[in-house]
Structure formats: structure tokens, C-alpha cells
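Undergrad:
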Amino acid sequence: MSAGVIAKPAVARRSGALRGEVRIPGDKSMSHRALMLGGLAAGQTRIGGLLEGEDVFNTARAMQALGATVRKEDGSWIVHGVGNGALLAPEAPLDFANAGSGCHLIMGLVGVYDFATTFVGDAALSRRPMDCVLDPLRQMGVQVASAEGGRLPVTLRGPKTANPVSYRLPIASAEVKSAVLLAGLNAPGITTLIEPVPTGDHTERMLQAFGANLTVDVGAEGERIIRLEGQGRLTGQDIDIPGDPSSAAFPLVAALLVPGSDITLLNVLMNPTRAGLIVTLQEMGGKIDVLNARIQGGEDVADLRVRSSALKGITVPEDRAPSMIDEYQVLAVAAAFAEGHTVMRGLEELRMKESDRLAAVLSGLKLNGVDCDEGPASLVVHGRPGGKGLGNAAGAAVATRLDHRVAMSSLVMGLASEHPVTVDDATMIATSFPGFMELMAGLGATIE
Numbered sequence: 001m002s003a004g005v006i007a008k009p010a011v012a013r014r015s016g017a018l019r020g021e022v023r024i025p026g027d028k029s030m031s032h033r034a035l036m037l038g039g040l041a042a043g044q045t046r047i048g049g050l051l052e053g054e055d056v057f058n059t060a061r062a063m064q065a066l067g068a069t070v071r072k073e074d075g076s077w078i079v080h081g082v083g084n085g086a087l088l089a090p091e092a093p094l095d096f097a098n099a100g101s102g103c104h105l106i107m108g109l110v111g112v113y114d115f116a117t118t119f120v121g122d123a124a125l126s127r128r129p130m131d132c133v134l135d136p137l138r139q140m141g142v143q144v145a146s147a148e149g150g151r152l153p154v155t156l157r158g159p160k161t162a163n164p165v166s167y168r169l170p171i172a173s174a175e176v177k178s179a180v181l182l183a184g185l186n187a188p189g190i191t192t193l194i195e196p197v198p199t200g201d202h203t204e205r206m207l208q209a210f211g212a213n214l215t216v217d218v219g220a221e222g223e224r225i226i227r228l229e230g231q232g233r234l235t236g237q238d239i240d241i242p243g244d245p246s247s248a249a250f251p252l253v254a255a256l257l258v259p260g261s262d263i264t265l266l267n268v269l270m271n272p273t274r275a276g277l278i279v280t281l282q283e284m285g286g287k288i289d290v291l292n293a294r295i296q297g298g299e300d301v302a303d304l305r306v307r308s309s310a311l312k313g314i315t316v317p318e319d320r321a322p323s324m325i326d327e328y329q330v331l332a333v334a335a336a337f338a339e340g341h342t343v344m345r346g347l348e349e350l351r352m353k354e355s356d357r358l359a360a361v362l363s364g365l366k367l368n369g370v371d372c373d374e375g376p377a378s379l380v381v382h383g384r385p386g387g388k389g390l391g392n393a394a395g396a397a398v399a400t401r402l403d404h405r406v407a408m409s410s411l412v413m414g415l416a417s418e419h420p421v422t423v424d425d426a427t428m429i430a431t432s433f434p435g436f437m438e439l440m441a442g443l444g445a446t447i448e
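Under UniProt numbering, the first residue of the sequence shown carries the number 1, and numbering increases by one thereafter.
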């Protein structure tokens, strides 16, 4: 939580049926990237559907500090870029507050420039090691000064000329991949990124849309090989951002769990690299109908009708983790109400999010009566259909640890539990899902 912000607890209680049709705020991953590439491209970029949350606004402010202009006009956001290779040295540290994604990506974007850039954040972000991004930047010739353990504050100074690298991702991470590709924009020659397990491909798609010379091939062992030619020209674009599937996950799971519910989520991004949660919940018996599937701005988009369902526990394929890494917390909540046990593996990246999300979800589940077990990179949840005994009758609050997904997942749990679920703070939800409380209340959820 940023200095001066007062914590605001929230309580979710067993709810009546959720009903209605709602539009989910714009995808956060695409919003970050649209602002960055728009700020780097020559000419004007017009962005419709931008997520107007604090994380994205921090990225917008950072791009302004690097020379771009950003303004809102007639419901869209207009970005005038500086041209690839022409970012300006910021006059002050770039403050990302709690925005880990924006911080990682802009480290890649500006770190290779021949000037110093300092990155700072709030208490939660300052606890996160940044070496996953700093290590490949070092290979490109970037000088790094950081707090102990590769933590913020971090100061990067690029070389006179950055080295294009061939980098194999040690773990599946769309953020690390994207940071390396964005750094490659200002390096001569070809930057190669080898991805053993596919992750979200918004960066590749958007780079191509802005005119970058980027190719994707499949290697002999099935790995994705991404090659980017540096120092090319990027040209401003018109972009329409669909609803964020990670945000859609919360009302979606709530509707599956609350008896009698029937809701429709409009205009949701259905990129195959982001659809793992929906596939998993359908395998568990969730009634999720994909309606009006279409291509919009080069991305798969659809409306989702979701009805209350009797879920059954499954073993989630480990190789599915990259396509739903931000949704495991709310999946764990769904699993708490499923018949049998649900096994989730391949969760290493959850240790490096806004909080140690694996530890955070285990703590919150146990506080509210869920039988679950944690491994170094795994979680097993033993379900209790109907939510009998779940929640916390004494009102003990889940420690959200400044993590928006901890807060929202816990509140979803309370809507179907026998007893209420309380979180110690809900203010940070606005970083990724502004209007979450109002949207849920409009569907009939009991959150106060």
C-alpha cells in the first residue's frame, strides 16, 4: 500500500443467486503494452478499452517521463510516441507503486539506453527480487545497481550499444520474455528468445502490429523461438483492448459457486495462451458457454455465459500453468467447493508475484477452514461441496499482503461459504480491477 493510503477491510457473505450481464474492464497485460509501444512508436496511437487502473496509470506516467505524451480524448487514450530508440532520460525515479508487470517491462524497454534510470515502488513491490529481468539485461551490457537480493530501488544504465542476445527462459514467464524483447528493440541485430513452454503472446502480436520485424518458429523439441530485429521503425496504431480474462475470473468463479447464478460476461479476451482457467473449470464440470466467438484487433474475443455448477476436483496439467498463472488463487477457491481434491503443480512463478501468492493463498484458505497442502511449487485443495463450515465465523481477516488478487479471491470465497470471509484491506483492488465492488454488487453479490 502506498504511503498515506488507509487500509479498508471488506467482508463477503453468503449471497443470493448472481444474475446479469456485465462488461469486464480492459485487459491489463494488453493495456501496459499498448501504452509502451504507443509511446515508443512514431506518430499517434489511439487506445480504446484501456484498463483505467492504478497499475496502468503508473505505466502511462512512466512513458510520459520518458518523453511520450498521453491524454484521454472522447473515451479513448491518445499516445504520441517518440520513435524507436529515442526515449529520453527521466528527470526523477520511475515510481511503479505496486505494478510489478509495468516495472518489469519498462526495465526492459529503457534499461538498454545509454543513460541512468532508477525504478522504485511500494513496500510490496520492493520485496520482490528483480533478477529474473536483471540477469538478461546484464547480458545485454546493462549496468545494474540494486538493493540487496536484486530488489528495488534499482538503477539501470545501458551501454553505448546494447548486445543482442540469445536467451533461453529458465522459467515460463511472459513478463521476462517481454522485457527481453522490448530491450531488443534498441539493440542492433537479432535478439533471440527461446521459450520452452509457451506463455502469453500479447507482446509478440502487438510488436508485429506496430511494424516490428518479429518471427516465431517452433524448434526441434517443440520450443518457441522468437527472433526480433532491433532498431526498426514502429508506427502508431489504433488498438481496441478486450476484457481482461484474469479479471473475468472473479465473477466467473463466483457464478459457478453461488447456487442459482446465471451471468454473462461480455467481450472477454480468449487468447489461447490466457484461457487455461476456463478450460480447467470446464473440465471440473463448470457450465461455461463460449458465445459469439470472434476476432477483434487480431485477438480472440467472446462472451461467456456462466451458470452455477457442481464442480469435481481434478489434477491440472502442469504445462497449463503459464496460460493461467494469475488465476490459480481463484481456482483454489473454486477447488475448495469441489467434490474430491484438486492438484495444481508448476506454480514456481507464483512465488515472485505481488506477494508470495502460493503462501498467501494457503494462509487465506486455511484461515477459512479449507483443507489444503502446499509444496515448493504445488498446491492441493481438498474440497467441501456446498461450502459447509467454510469461512470464518469469528471474523478473522485474510492478510492480503497488498495483493489485489488475494483480496478478490478471498471475497469470492465468502459469497458461497457458510460463514463470512473478511479481508484486511481491499483498497489495492483498484490497481487492476477498478469498479470490482460495484460490478459484483450489480450482479447481486453481498460484499460490504
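Each residue gets a CB set at the ideal place from its N, CA and C atoms; glycine is no exception.
Would you mind sorting arginine 274 into buried or exposed? The rule is 16 or more other CB atoms within 10 Å of its CB.
TA: The residue in question, arginine 274, is buried, as its Cβ has 16 or more Cβ neighbours within 10 Å.
Undergrad: Within 8 Å, do at least three Cβ pairs link the segment 370–380 to the segment 395–406?
TA: The answer is no - the segment 370–380 does not touch the segment 395–406, with fewer than three Cβ pairs under 8 Å.
Undergrad: Would you list the one or two residues that DSSP bridges to valine 306?
TA: Answer is Ile263 and Ile288, bridged to valine 306.
Undergrad: Would you list the residues sitting across from threonine 45 in a DSSP beta bridge?
TA: DSSP, once it has assigned bridges, lists Val79 as partnering threonine 45.
Undergrad: Alanine 147 by DSSP, collapsed to three states: which one?
TA: Looking at alanine 147 - three-state DSSP - the assignment turns out to be strand.
Undergrad: With alanine 34 and isoleucine 241 assumed to form a contact (beta carbons below 8 Å), what rounded beta-carbon distance in angstroms separates them?
TA: Confirmed, about 7 Å.
Undergrad: Suppose you measure from the CA of methionine 1 to the CA of glutamate 221; what does that come to, to the nearest Å?
TA: Because the pLDDT of methionine 1 is 40, which lies under 50, any placement of that residue in the model is unreliable, and the number read from its coordinates should be weighed accordingly. Their Cα atoms are separated by approximately 44 Å.
Undergrad: Bridge partners of serine 166, per DSSP?
TA: Thr192.
Undergrad: Based on the DSSP secondary-structure assignment, which residues constitute the bridge partners of aspartate 300?
TA: Note: aspartate 300 sits in a beta bridge opposite Ile295.
Undergrad: For the alpha helix (DSSP H) holding glycine 442, just list the boundary residues, first then last.
TA: Per DSSP, glycine 442 belongs to the alpha helix (DSSP H) from 436–443.
Undergrad: Taking the alpha carbon of proline 259 as the reference point, which residue from Val306, Gly236, Gln296 and Ala249 has its own alpha carbon closest?
TA: That would be Val306, whose Cα lies nearest to the Cα of proline 259.
Undergrad: Strictly by DSSP, which residues pair up with aspartate 403?
TA: Bridge partners of aspartate 403: none, in fact.
Undergrad: Does the distance from the CB of phenylalanine 433 to the CB of serine 261 come in under 9 Å?
TA: No. Outside cutoff.
Undergrad: Could you spell out where the beta strand (DSSP E) holding leucine 256 opens and where it closes?
TA: Where leucine 256 is concerned, there is no enclosing beta strand (DSSP E), although the alpha helix (DSSP H) it sits in stretches over 245–257.
Undergrad: Looking at the secondary structure, which residues open and close the alpha helix (DSSP H) in which phenylalanine 57 lies?
TA: Counting along the chain, the alpha helix (DSSP H) containing phenylalanine 57 begins and ends at 54–65.
Undergrad: Less than 9 Å between the C-beta atoms of proline 188 and proline 164, yes or no?
TA: Yes, the Cβ-Cβ distance between proline 188 and proline 164 is below 9 Å.
Undergrad: So the candidates are Ser126, Gly232, Ser29 and Ile78; which of them puts its Cα closest to the Cα of serine 178?
TA: Checking every option, the nearest Cα to that of serine 178 belongs to Ser29.
Undergrad: Compare the C-alpha of threonine 203 against each of Gln143, Glu299, Leu125 and Met324 and name the closest.
TA: Ranking Gln143, Glu299, Leu125 and Met324 by Cα distance to threonine 203 puts Glu299 first.
Undergrad: Would you report the Cα separation of threonine 315 and glycine 219, rounded to the nearest angstrom?
TA: The straight-line gap from Cα to Cα measures roughly 28 Å.
Undergrad: For residue 485, tell me which candidate among Gly369, Gly414, Asp424 and Val412 has the shortest Cα-Cα distance.
TA: An answer regarding residue 485 cannot be provided, because it is not within the stretch 1 to 448 covered by the chain.
Undergrad: So, are the CB atoms of aspartate 131 and glycine 108 less than 9 Å apart?
TA: Against a cut-off of 9 Å, the Cβ pair of glycine 108 and aspartate 131 comes out as no contact.
Undergrad: Quickly, what does DSSP pair isoleucine 278 with across the bridge? List them, please.
TA: According to DSSP, which records beta bridges pairwise, isoleucine 278 is partnered with nothing at all.
Undergrad: Tell me, which residues are paired with glutamate 374 by DSSP?
TA: In the DSSP output, where bridge partners are listed per residue, glutamate 374 has Leu379.
Undergrad: Bridge partners of histidine 341, per DSSP?
TA: Per DSSP, His382.
Undergrad: With serine 417 and glycine 387 assumed to form a contact (beta carbons below 8 Å), what rounded beta-carbon distance in angstroms separates them?
TA: About 5 Å; that satisfies the 8 Å criterion.
Undergrad: So, do the segment 227–240 and the segment 76–87 have three or more beta carbon pairs nearer to each other than 8 Å?
TA: A contact exists between the segment 227–240 and the segment 76–87.
Undergrad: Under the assumption that glycine 158 contacts glycine 111 (Cβ atoms under 8 Å), give the Cβ distance between them as a whole number of angstroms.
TA: With a Cβ gap of about 6 Å, glycine 158 and glycine 111 count as contacting.
Undergrad: From which residue to which residue does the alpha helix (DSSP H) around arginine 180 run?
TA: Sequence check: residue 180 is valine here, not arginine. Segment 174–184, the alpha helix (DSSP H) holding valine 180.
Undergrad: Please determine, among Glu91, Glu223, Pro136 and Gly297, the residue with the shortest C-alpha to C-alpha distance to phenylalanine 115.
TA: That would be Glu91, whose Cα lies nearest to the Cα of phenylalanine 115.
Undergrad: Let me know the secondary structure DSSP gives glutamate 221 once reduced to three states.
TA: Here glutamate 221 sits in coil by DSSP.
Undergrad: Bridge partners for glutamate 229 per DSSP, in chain order?
TA: Answer by DSSP bridge pairing, in chain order: Ile190.
Undergrad: Extract the residue ranges of the alpha helix (DSSP H) inside the segment 72–130, only unbroken runs of 4 or more that lie entirely within it.
TA: Counting whole runs of 4 or more residues, the segment 72–130 contains the alpha helix (DSSP H) stretches 100–111 and 123–126.
Undergrad: Which residues does DSSP pair with leucine 155 in a beta bridge?
TA: Per the sequence presented here, residue 155 reads as threonine, with leucine not at that position. DSSP output for threonine 155 lists Thr118 and Ala145 as bridge partner(s).
Undergrad: So valine 11 packs on glycine 435, CB below 8 Å; how close in whole Å?
TA: Not really, about 19 Å apart at Cβ, beyond 8 Å.
Undergrad: Buried or exposed for alanine 3, please, with buried defined as at least 16 other CB atoms from any protein chain shown within 10 angstroms of its CB.
TA: In this prediction, alanine 3 has a pLDDT of 44, which is less than 50 and means its spatial position is unreliable; nothing more can be read from the coordinates.
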